[in-house]
Amino acid sequence: MSHHLFLLLLSLAPVFSDIAADRSALLRLRAAVGGQTLRWNTSAGSSPCNSWRGVVCNATTDRVVELRLPGSGLRGTLPPNSVGNLTELRVLSLRNNALSGQLPSDLASCTQLEDIHLPGNSFSGEIPESFFTLTNLLRVNFGGNRFSGNLSSNFDNLTNLRTLYLENNQLTGPIPDWNNLMNLKNFNISFNDNVTGSIPSILKSFSDQSFLGTSLCGRPLATCTSSGENKLSDGAIAGIAIGSFVALLIILCIAFVLWKTYRSRKVLPQRSPAPRSPAGDIQNPNIEQYNWQYNEYSETKKAGDGLVFLGKEEEVFSLQELLSASAEVMGKGTIGSTYKAYFESGIQVVVKRLRNVSVPEAEFRAKIEEVGSLLHRNLEPLRGYFYGTEEKLLVYHPMPKGSLAAALHSYGMKNQSLSLETRCRIAVGVASAIEYLHSVGSGTAHGNIRSSNVFITEDYEARVSEFGLAQLVTSSSSLNGYRAPEVLDTRVGSQKGDVYALGVVLLELLTGREPDGILTEEGVALPDWVQTVVEEKGTAAVIDPSLLSRDESEDQVVELLLVALSCTSRQPYGRPSAADVVRRLRTICD
């Protein structure tokens, strides 16, 4: 009997030693990075599997399989023999902390890892070669760090990989041919300025949003320009240069004459009465149709016909083709009217026709070029613009899901009843866009934030539009964004005012109520209504009924509500920064 008991104890010894090793590894991590890990109960005999926040164990093996500490105030570097000693780990989520330095090379010991989420830290250096031995990986998110060096061809070893996010780092060089990543469904390498070369064929199916802020070329971006091997002689080059110079002088003379002759003519005459409603388009209430096919463009600008495409946008149509296309009025906003234009080729674009523009041409162009240079995955990119004597047009890509206002308030569409997860995704996106704008400079602000200026992609990503345009209009009374109480002139935006408007958007997401129509001289009444009803009837009385009917987590909704109310504090100094809002939203929505 004692012999059998001895054998049983021998068989159990590795299990006890393994959980002891996991505990020691977590204690080393705790000593190095602190934060929320300091709240762990580390008294003698305590097990990390019982009550340590963020630690999940396998009930059968009693081993640590998940370590989730997002937004937990962790600081410093990951020491060796900490995370790397959790050899049964399957999920590692340390996003939105203040971790820095290189990834520990012993991370490769976690051979069962499937998910790694490290965005929003300051990890640096090259991704260690040992990382590419983790062949069970399904999802990798390294976005928003400082990883540098060339992209490794060893990513090709991760054949099960489905998600790879590398945006906002300092990676360099070309993307290798990762031909073995056949299961890859989600990819983003945007805002790595020094990533160059042609996009590999296996990545060409992803949208251009996955490659913003890089020096890449090829589908879905602009076509790569090939450098020919045959060099021209010096004489040929000189001849071409002289001929080009003469041709340029002639073109400039002609353009100047035409400009002087036709300067006073209109670009777009009055509306034609012939309506046309393209099938399948989402309509707003009181929609009116507009067809400008009879309009005549008769003003010649300095370059071509005056329609300017921004960034890497290819010129796929002319101004005359745009004016000849049938167009539908989508709405009349604070800056101007918005149309969706339909070309015979099947191309669709959104055109905003600005009104009450008060600045001269040079200032207008400078401002629009500045707006066009701001690139972020949650900002609606400006595709092009036109400045005429009486007409100022902005060109955008159409957003398939329309505006957030339409999705929440069912403008001409079936109520989409957005889930809490989707609303969280939209909220984080809007806040991230505002955080980015504020990071450009201490005086940079949006100035006109509202749900009708937030558009939604097919994947329910938020895209904030009309940023930077408030300074162009004549009258501040034409701007009815969600105005903070202290804001007197909405053309002079402030970052604290943006945070207030962001808070109103968050309240709109949570309550489903429409702030439009209840604007007062002292600001938007929705925050006051929420405060009053919560005090009298409780939180459930203000939450969108469609959220409560889905059995969503009320605790999570309450936490989001507290963030929104802090943003809408009547005193500017009582409001958090946009960066703080992003961190809190990501922690709640994780």
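Under mature numbering (1 follows the signal peptide of the UniProt record, and there is no 0), residues -17 to -1, 1 to 573 are what the sequence shown spells out, in order.
Every residue gets a Cβ at the ideal spot worked out from N, C-alpha and C, and that includes glycine.
In the three-state reduction of the DSSP assignment, Phe114 falls in the helix class.
Under DSSP, Val565 takes part in no beta bridge, so it has no partner. Its chain contains Val413, Ala414, Ile417, Ile432, Cys550, Ala561 and Val564 as the residues whose beta carbon lies nearer than 8 Å to that of Leu485, once the 5 sequence neighbours on both sides are disregarded; these appear in chain order. Under the three-state reduction of DSSP output, Phe239 falls in the helix class. Taking the Cα of Thr427 as reference, the smallest distance to any Cα among Leu452, Thr70 and Cys236 is reached at Leu452. For Pro381, the closest alpha carbon among the candidates Val39, Val333, Arg78 and Ala91 is that of Val333.
For Gly385, the closest C-alpha among the options Val437, Cys93, Tyr465 and Asn171 is that of Val437. Under the three-state reduction of DSSP, Gln192 is assigned to helix. Classified as exposed, Val229 has fewer than 16 neighbouring CB atoms from the shown chains inside 10 Å of its CB.
By the neighbour-count criterion, in which a residue is buried when 16 or more other Cβ atoms sit within 10 angstroms of its Cβ, Gly476 is buried.
Within the same chain, Cβ atoms closer than 8 Å to the Cβ of Gln19 are found at Arg36, Gly37, Leu52, Ser55, Gly56 and Leu57, the five residues on either side in sequence being excluded. Contact annotation: the stretch 137 to 146 touches the stretch 113 to 123, with at least three C-beta pairs closer than 8 Å. The alpha carbon of Leu362 has as its nearest neighbour, out of Phe130, Leu420, Pro528 and Asn133, the alpha carbon of Leu420. In the structure shown, the three-state DSSP call for Arg58 is strand.
Proximity to Ser307 across Tyr325, Val66, Leu290 and Thr321 peaks at Tyr325, based on C-alpha coordinates. In the three-state reduction of the DSSP assignment, Arg348 falls in the helix class, which pools H, G and I. Following the DSSP letters along the chain, one finds Gln153 inside the beta strand (DSSP E) bounded by residues Gln153 to Pro157. Distances from the alpha-carbon of Arg566 to those of Tyr368, Arg22 and Ala81 put Ala81 closest.
Secondary structure note for Glu497: it is in no alpha helix (DSSP H), with a DSSP letter that is neither H nor E. Here the alpha carbon of Leu357 sits roughly 20 Å from the alpha carbon of Ala410. If you draw a straight line from the Cα of Asn171 to the Cα of Pro87, it is about 24 Å long. Unbroken beta strand (DSSP E) stretches of 3 residues or longer found wholly inside the stretch 322 to 406: 331 to 337, 365 to 370 and 375 to 379, given in chain order. Counting the other CB atoms within 10 Å of its CB gives Gln478 a total of 16 or more, which places it among the buried residues. Under the three-state reduction of DSSP output, Thr20 falls in the helix class. The beta carbons of Phe369 and Gly424 sit about 27 Å from each other, so the pair does not count as a contact at 8 Å. Residue nearest to Asn79 within the set Gly126, Glu71 and Pro62 is Gly126 (criterion: CA-CA distance). Non-local beta-carbon contacts of Val470 in its own chain, meaning distances under 6 Å to residues more than five positions away in sequence, involve Gly480 in chain order. Between Gly180 and Thr155, the CB-CB gap reaches or exceeds 8 Å. Counting the other Cβ atoms within 10 Å of the Cβ of Gly329 gives fewer than 16, which makes it exposed. Approximately 6 Å separates the beta-carbon atoms of Leu493 and Ile526; this is inside 8 Å, confirming the contact.
Per DSSP, reduced to three states, the secondary structure at Asn436 is helical. Counting along the chain, Ala547 sits inside no beta strand (DSSP E); it lies in the alpha helix (DSSP H) bounded by residues Glu537 to Cys550.
When DSSP states are grouped into helix, strand and coil, His429 belongs to the coil group. Here Phe174 is not near Asn137, since their CB atoms are 8 Å or more apart. By the neighbour-count criterion, in which 16 or more other beta carbons inside 10 Å mark a residue as buried, Asp442 falls on the exposed side. Residue pairing by DSSP places Lys315 opposite Ser320 in a beta bridge.
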